[in-house]
Amino acid sequence: MPRMLDVSQDVRAEIGDEEADQLLAGDNASGSYDCTSCRTPGDSAQERTSTVLFVGDETAVLAFAHATCIPSQVVRVSETQLQGAVRSITGEGPAAAAGPAHASPVAAGAEQAVLGITSGLVLIEGELHPALVVEPTAPVVRPGSPETGDEFLQLLNEQGFRPIGDLNQVPAALPGWSVLLAMGQLHAILQPGTGGGSPVSWWQAHQPLHVTDDWRAAANKSHTVLVYAAPVGSIGQQGREDLLRDALDRAAMRGALVAAALPLAGT
């Protein structure tokens with residue numbers, strides 16, 4: 034049975050005309066699927082459906098989503114991220130859990146810094162925006178630096194993040210950076226590659242991190258995620274979004290908060 038599939042030119046270029054035509058004709062698989070964005074059932078024989086191709090270093094995975102959730106697109110990820118996405122589809126491996134994860138900056142001393150990532154919704158001018166709050170567990174210095182102070186905010190300033198003193202303003206966009214959401218879970222924050230190369234992970238989850246349905250819906254609606262960052266001890270673990278907002282407001286008033294608006298990559 035023919036399907037109500039949307040196959041973008043980018044997806045068609047990756048999979049080839051023959052496979053794209055077979056998909057549209059419904060020759061090679063069932064029309065039912067779990068939406069890679071909202072994770073609820075869908076049926077391409079009954080409703081418009083987007084084809085989403087996740088492309089890793091060596092392999093690729095074709096997934097499907099409600100056309101009302103996201104458009105047909107190609108999402109380029111690392112092989113590790115792709116395998117994590119596959120596990121999230123099949124349900125194999127341990128469940129994702131929120132918590133800190135390793136990232137590239139180096140903490141004071143010999144050990145690598147650990148960044149805590151908290152997701153939440155931030156209300157700005159009556160509209161809820163999906164946000165990520167980044168806070169290290171220790172002071173951060175430049176690799177190889179003899180300094181013992183905390184250069185976390187300075188390093189981010191050099192990357193294009195900007196100080197923010199009022200959370201009632203949407204942070205400025207930061208070109209080249211993005212937030213990778215694959216199969217409805219948070220995988221990485223990507224930064225531009227050196228010399229204009231492919232984006233690389235600035236922060237990457239050891240396991241895909243769960244986000245709420247409301248957060249994911251807001252991200253898919255705006256295609257933008259607000260990323261706030263503060264030095265160690267500025268925010269802390271907050272169990273409610275109102276408490277998180279209060280902590281962000283206090284950090285902003287102290288001049289201890291930088292932020293940027295990053296486009297959403299993936300689903």
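In this text, residue positions in the sequence shown follow our numbering: the first is 34, and each later residue adds one. For each residue, glycine too, the CB sits at the ideal point set by N, CA and C.
Taking a contact to require three or more Cβ pairs closer than 8 Å, the region 259-270 and the region 241-248 do not qualify as touching. In terms of Cα proximity to T84, the closest of S105, G64 and S77 is S105.
Comparing alpha carbon positions, the residue from G226, S255 and S77 closest to P296 is S255.
Close CB contacts of D43 within its chain, under the 6 Å cut and outside five residues either way in sequence, are with V107 (chain order).
In the DSSP assignment, L259 falls within the unbroken beta strand (DSSP E) covering T257 to A262. Every unbroken stretch of the alpha helix (DSSP H) spanning 4 or more residues and falling wholly within the region 204-290 is given here in chain order: 246-255 and 274-286. S234 is the residue among D39, S234 and R45 whose C-alpha sits nearest the C-alpha of A221.
In the structure shown, the three-state DSSP call for Q202 is coil. For the pair S152 and V244, the CB atoms are nearer than the 7 Å cut-off. Just so you know, the alpha carbons of I197 and F97 end up roughly 38 Å apart.
In the structure shown, I157 adopts extended strand secondary structure according to DSSP, grouped into three states. A direct Cα-to-Cα measurement between S41 and R287 gives close to 47 Å. 7 Å or more divides the Cβ of L38 from the Cβ of T92. In terms of Cβ geometry, G64 and D54 do not form a close pair [threshold 7 Å]. Between L200 and A280, the C-beta gap is not smaller than 7 Å, which leaves the two residues out of contact.
Annotation: the continuous beta strand (DSSP E) that includes F97 extends over A93 to H99. With a contact defined as Cβ atoms closer than 8 Å, P163 and V258 qualify at about 5 Å. In the three-state reduction of the DSSP assignment, I197 falls in the coil class. Beta-bridge pairing by DSSP links D76 to S65.
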